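Since the structure comes first, as structure tokens, the remarks are kept for the end.
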Amino acid sequence: MEIATTGVYDLPKTRATVFAQGDRVAWDDTAKVIAPPGVGLYPVGIAITASGNGATTVRVRLDGVATVAA
Numbered sequence: 058m059e060i061a062t063t064g065v066y067d068l069p070k071t072r073a074t075v076f077a078q079g080d081r082v083a084w085d086d087t088a089k090v091i092a093p094p095g096v097g098l099y100p101v102g103i104a105i106t107a108s109g110n111g112a113t114t115v116r117v118r119l120d121g122v123a124t125v126a127a
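Our numbering numbers the first residue of the sequence shown as 58 and each following residue consecutively.
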């Protein structure tokens, strides 16, 4: 298994979730999607482009910082 901790990637999100450029993002390991930061989620980086309602991905810059779930 290959794991990246830095770089820019298009990652999955739910269609209803909306991100503005620069928003902090987190990984929801249960749903396997990027989500807004929250309890039980893993902070992973920032959205480098806006991603609106209906989109299924968001472009994320991983910050490379090891974290635990919030």
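Beta carbons are placed, not taken as given, at the ideal position from N, Cα and C, and that holds for glycine. As the structure is a computational prediction, the values presented were derived from the model and not from experiment.
1. Measure the alpha-carbon distance for residue 126 versus residue 111 and round it to whole angstroms.
2. Would you mind reading off the limits of the beta strand (DSSP E) that contains residue 116?
3. In three-state DSSP terms, what is residue 100?
4. Per the DSSP calculation, residue 90 is bridged to which residue(s)?
Working from what's here:
1. Near 27 angstroms, if we compare the C-alpha coordinates of residue 111 and residue 126.
2. Looking at the DSSP string, the run of the beta strand (DSSP E) that includes residue 116 is 114-120.
3. Looking at residue 100 - three-state DSSP - the assignment turns out to be strand.
4. Beta-bridge pairing links residue 90 to 85.
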